[in-house]
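Okay, so here's the structure we're looking at.
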Amino acid sequence: MIAEADVWNRFVSLLPDDKGYEVQVCWDIGEQEAGLDLLVSGLLEHRVAISGTTRAEISVMAEVWGMRRDISSRLLACRGDGLPSPVELVERPTTTPLATLAELADFLVVPWIRHSSGRLLTRAHVEEPWGDLSLIPEHYAVLASPQGPTLRLFESFSAREAFEALAHP
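Quick note on numbering: the numbering used here labels position 73 of the sequence shown as 1034, and the sequence is numbered without any gaps.
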């Protein structure tokens, strides 16, 4: 398991020193949400090229801290480095849930991050009475492909562990 602080330090190192310092201070004082917002703003402002893996890791970190929805469109707008990556953020504003998988039949399963092997990390949400997805997924699932089967199922608090299972099987 990769320590969250190590991942955060890698993110900080992407930015110019003054911006990186601001993001690091957010971590140091426990304001990870503000730090994620500053991180993505800094990547955009300084046109920093990021890998597909880094983009996915930022999305996972944002999910852990309840910020994925808030930064998602800006994260997608960050400049890519153009190099192949073993993982790729595939969720877009227009992404629709997958066809129901037997073991996740009670949920709307949203594709999130794809591995170059074809495996897929998804979020399994409850559909709210007004038609939106629940804010917090009930499960994360690593699928063999978009059609399944489910290889591993994780609880709602396990976004980082689910990503690690996808990225490093």
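Ideal Cβ positions, reconstructed from N, Cα and C, are used throughout, including at glycine. Please read these numbers as outputs of a predicted model, since none were measured by experiment.
Sequence-distant partners of I990 (beyond 5 residues in either direction) whose C-beta falls short of 7 Å from its own C-beta are missing from its chain. Across the structure, Q1108 and V1021 are spaced so that their CA atoms are roughly 22 Å apart.
Of the residues assessed, Y1101 falls on the buried side of the cut-off, its CB having 16 or more other CB atoms within 10 angstroms. Between the alpha carbons of P1110 and L1065 lies a gap of roughly 10 Å. Using a C-beta cut-off of 8 Å, the stretch 1079-1088 makes no contact with the stretch 1037-1047, since fewer than three inter-stretch Cβ pairs fall below that distance.
Annotation for I1019: the continuous alpha helix (DSSP H) segment containing it runs 1013-1025.
In this structure, D1093 is the residue among Y982, R1030, G981, D1093 with its C-alpha nearest to the C-alpha of L1069. Under the three-state reduction of DSSP, I1032 is assigned to helix. Around the Cβ of P1072, a 10 Å sphere holds 16 or more other Cβ atoms; the residue is buried.
Secondary structure note for F1118: it is in no beta strand (DSSP E), with a DSSP letter that is neither H nor E.
With a threshold of 16 other beta carbon atoms within 10 Å, A1017 meets it and is buried. Sequence-distant partners of S1106 (beyond 5 residues in either direction) whose C-beta falls short of 6 Å from its own C-beta, in its chain, are G1079. Per DSSP, V1051 lies in no alpha helix (DSSP H) and is assigned neither H nor E.
Here the stretch 992-1002 makes no contact with the stretch 1041-1052; the two share fewer than three CB pairs at distances below 8 Å. Per the coordinates, the alpha-carbon of V968 lies some 10 Å from the alpha-carbon of S974.
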